[in-house]
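Protein chains: 2
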Amino acid sequence: MRTGEPDRIRVAAGGAAGATSATSDVWIASGILSRAADFLRSPSGRYFLFASRSARDAVAPLRRALDGRLALDVEFDDSERGKTLEAAGRLAGAALAAGLRRDDAIVAAGGGVATDLVGFAAAIALRGVAWNAVPTTTAGMADAAIGGKTGVNLPIGKNLLGAFHPPEAILVDPDALAGLPDRDYRAGLVEACKAAWIADAELAARLDREADAVLAREAEPLRALLAGAIRVKAAIVASDPREAGRRQLLNFGHTLGHALEAAAGFGAMRHGEAVAWGIAAALEISVRRAGLAEDAARRVRAVLARFGPFPEPVRDASVLEPLIRRDKKTLSGGLSSVLLPAVGAARVDAGVPVEEWLDAAAIMSIS
Amino acid sequence: MRTGEPDRIRVAAGGAAGATSATSDVWIASGILSRAADFLRSPSGRYFLFASRSARDAVAPLRRALDGRLALDVEFDDSERGKTLEAAGRLAGAALAAGLRRDDAIVAAGGGVATDLVGFAAAIALRGVAWNAVPTTTAGMADAAIGGKTGVNLPIGKNLLGAFHPPEAILVDPDALAGLPDRDYRAGLVEACKAAWIADAELAARLDREADAVLAREAEPLRALLAGAIRVKAAIVASDPREAGRRQLLNFGHTLGHALEAAAGFGAMRHGEAVAWGIAAALEISVRRAGLAEDAARRVRAVLARFGPFPEPVRDASVLEPLIRRDKKTLSGGLSSVLLPAVGAARVDAGVPVEEWLDAAAIMSIS
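Quick mapping for you: the protein sequence lines, in order, are chains E and C. For the first sequence, my numbering begins at 1 and goes up steadily by one. For the second sequence, my numbering begins at 368 and goes up steadily by one.
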């Protein structure tokens, strides 16, 4: 891919009117970071770079490509624990102190935390300046940087503060994953698999055949999975930019997943690992409630198993129940949940009783 | 007015698409706070109230009117020094801890700091929830709450972080001004006078006749000035919601005013007082550069004088120059400035040399 034209996927992400384009361009190609100046966008031509320290090697080609255009180059720690309002203010303040103007652009390089946090800093600096996302993890490439959501955590919950502020451009360079630890690599791709399962039967079938090649980090199977997952997310986000309806489909595996992640304790479980278990539970409920064929459920579980093993989750109903109920509107006891009648065709079921989720958590398996 | 229908002014403020209406309704009437439930908007019907401690008496009728609909009622200090990102996070966090959901609405009651700060908290909580503004100062009624700008200060400058997030409704109740100290009352109305001078010759003429009645807090002249100023701002904001061009007219008096406010030191000079001096300087330049008649300049100065006296400003060019240049794009030495060729008809002059502003600061007078 290094010499070819990159894949381009447009995401109509419905951000704030006026200040920045509501359309993000996702560019996908091995080696694209070394040609970043051709694909990133800044009205003034100047960039303010905030790069995750842990992505230093991955970001090196980006730094070289933007040589002479960087008004600021800051390295920061992008731990989930550091994804705070205070940190966003610090980053925005650093950009402003370095002379950020309304027609400049910010670049966020790193994992999902980096793009969420820096994108939010861009959303609030001078009431919103343009920004670009350079995800350096599988989770960031498949999910976090796509769709315009930016934000930070509060002690009482993740992503409770934020803004819809789509980046101008998103550069997805599979080469940037070279140094990513295997556990992060695998966990991040669970969100990409999820995209196939909810909305793209063909991509799901390809995944059945190519999961091992993806795990071996083979370039073409990996690129195809990422591009397919981004296309799914782009199509769903375009149909529901402000998350009023259809975008809920992206939460497949997340109803229980969020609870499992919280139950494990901050940082003990990768988000994608918790989602993998959440999908396993959703498969149980989908067979019972949505007519998912046992064989199809087995296929999905088999792929999940290849991306594992994942840490054993908390299954205790008394721990999980309050976490499932938290921040959700339970309508007459039922939870709005994403189920899978068939691979590639998820739908929302407005009334799954919390008890069914707790039962599924008790028996779910990945194998 | 207590028994009549309130004035309604629509402000098409061009906020974020989708999550909240981009149109604010301004409702103006004496006593309207006691009927607040009829005019505030919340998709769920629930309100989360954040009220300035200094506006407690003014807010009492609002509290009574919302009895039974308040999911939270928090009093806070709304000093300019407290208008920080941390404070916005604290307020948003309090609302979230009290169960704020996406279809709830926040109410900000207080001066311009309160509406800026709480409006920003509403903009970032859950990536944006609806909010309503209840200004209790002349500055808030005439200016701060209108137009969708929300934000907080950084140590390096005012309003550097923020969002365009227009309130659903703005309730302007002149009765709420009863307890406002005279200095704040007068300073806040400078922005209302400014609105007349830049865009409404008839309102300016009325102001010539009724300035003393307004200063005596007579109900009808005060209501007419506030409503007229809000109409001017609404028309300008509608023509330029994201502050790309025409909205700059609202900065009449602010080019030097901001510098004078900063030179005086945080809080020493009211914003409106600094703007009054800034207008006095702009009159000097307008006579020289824009053909403003001496007599017209005298009329404006005479009204300003009645709203004073204002604290003597810093006039030292060596202090003012860096403050004027800060955060402005100076194009070949010229500052984009708002001048007044005639009362009621301001225009932007893209190239006023900084030196002319410094000269004007040395000789400006209000009398």
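Just so it is clear, CB atoms sit at the ideal spot from N, CA and C, and this is done for glycine as well.
| Item | Value |
| --- | --- |
| Cβ of glycine 334/E within 8 Å of any chain C Cβ | no |
| Stretch-stretch touch, CB-based, cutoff 8 Å, three pairs: the region 521 to 532 of chain C with the region 504 to 512 of chain C | no |
| Per-residue contacts from glutamate 86/E into chain C (C-beta, under 8 Å) | Leu452, Glu453, Gly456 |
| Contact list for isoleucine 146/E against chain C, beta-carbon separation under 9 Å | Within chain C, no residue comes near isoleucine 146/E; the closest Cβ sits about 16 Å away, beyond 9 Å. |
| Distance CB(alanine 281/E)-CB(methionine 364/E) smaller than 8 Å | yes |
| Terminal residues of the beta strand (DSSP E) in which glycine 718/C lies | 712 to 720 |
| Residue from Ala641/C, Ala709/C, Asp683/C, Ile733/C with nearest C-alpha to glutamate 722/C | Asp683/C |
| Best match in Gly477/C, Ala611/C, Ala512/C, Ala571/C for proximity to leucine 671/C [C-alpha to C-alpha] | Ala571/C |
| Cβ neighbours of aspartate 470/C in the same chain (closer than 7 Å, five flanking residues each side left out) | Pro410, Ser411 |
| Close beta carbons around alanine 642/C, own chain, < 7 Å, minus the five adjacent residues each side | Residue identity check: residue 642/C is valine in the sequence provided, not alanine. Cβ neighbours of valine 642/C beyond the five flanking positions: Val557, Glu558, Lys561, Gly620, His621, Gly624. |
| The region 418 to 427 of chain C contacting the region 535 to 545 of chain C, beta-carbon criterion three pairs below 8 Å | yes |
| Cα-Cα separation, glycine 99/E to arginine 209/E | 51 Å |
| Listed by chain order, chain E residues near lysine 516/C by CB distance under 9 Å | Arg127 |
| Per-residue contacts from phenylalanine 50/E into chain C (C-beta, under 9 Å) | Within 9 Å Cβ-Cβ: nothing; phenylalanine 50/E doesn't reach chain C, min ~16 Å. |
| Status (buried if at least 16 other CB within 10 Å, exposed otherwise) for aspartate 405/C | exposed |
| Simplified DSSP assignment, three categories, for aspartate 444/C | coil |
| Within chain C, the residues that glycine 162/E reaches when beta carbons sit closer than 7 Å | Ile491, Arg494 |
| For leucine 493/C and leucine 160/E, believed in contact at Cβ under 8 Å, the rounded distance | 7 Å |
| Three-way DSSP call (helix, strand, coil) for serine 24/E in this model | strand |
| Valine 589/C versus Gln615/C, Ile603/C, Gly555/C, Phe417/C, residue with shortest Cα-Cα distance | Here the sequence assigns leucine to residue 589/C, which means valine is not the residue at that position. When each option's Cα is compared against that of leucine 589/C, the closest is Gly555/C. |
| Delimiting residues of the alpha helix (DSSP H) encompassing aspartate 200/E | It is not in any alpha helix (DSSP H) - aspartate 200/E carries neither H nor E in the DSSP assignment. |
| Residue-chain proximity (alanine 105/E, chain C), Cβ-Cβ < 8 Å | no |
| Within-8 Å CB hit, glycine 449/C to chain E | no |
| Span of the alpha helix (DSSP H) around aspartate 374/C | Unbroken run through aspartate 374/C is the beta strand (DSSP E), 374 to 379; no alpha helix (DSSP H). |
| Neighbour flag for isoleucine 375/E against chain C, beta carbons, 8 Å | The question about residue 375/E has no answer here: the residues shown for chain E are numbered 1 through 367. |
| For valine 59/E, the three-state DSSP class (helix, strand or coil) | helix |
| Residues of its chain near alanine 114/E, where Cβ-Cβ distance is below 6 Å and the 5 sequence neighbours each way are ignored | Ser52, Asp78, Ala108 |
| CA nearest to the CA of alanine 262/E, picked from Gly89/E, Ile9/E, Leu85/E, Glu321/E | Glu321/E |
| Close Cβ partners of leucine 690/C (< 7 Å) along its chain, the five nearest in sequence each way excluded | Ala626, Ala629, Ala630 |
| Interface flag, leucine 463/C vs chain E, CB-CB below 8 Å | yes |
| Minimum Cβ-Cβ distance from glycine 460/C to chain E less than 8 Å | yes |
| Test: leucine 650/C CB closer than 8 Å to a CB of chain E | no |
| Alanine 602/C to aspartate 567/C span [Cα, whole Å] | 11 Å |
| Residues that DSSP places opposite lysine 149/E in a beta bridge | Phe164/E |
| For tryptophan 498/C, the nearest candidate out of Gly460/C, Gly515/C, Val667/C, Leu452/C (CA to CA) | Gly515/C |
| 8 Å contact criterion, which phenylalanine 415/C and alanine 438/C should meet: CB distance rounded | 6 Å |
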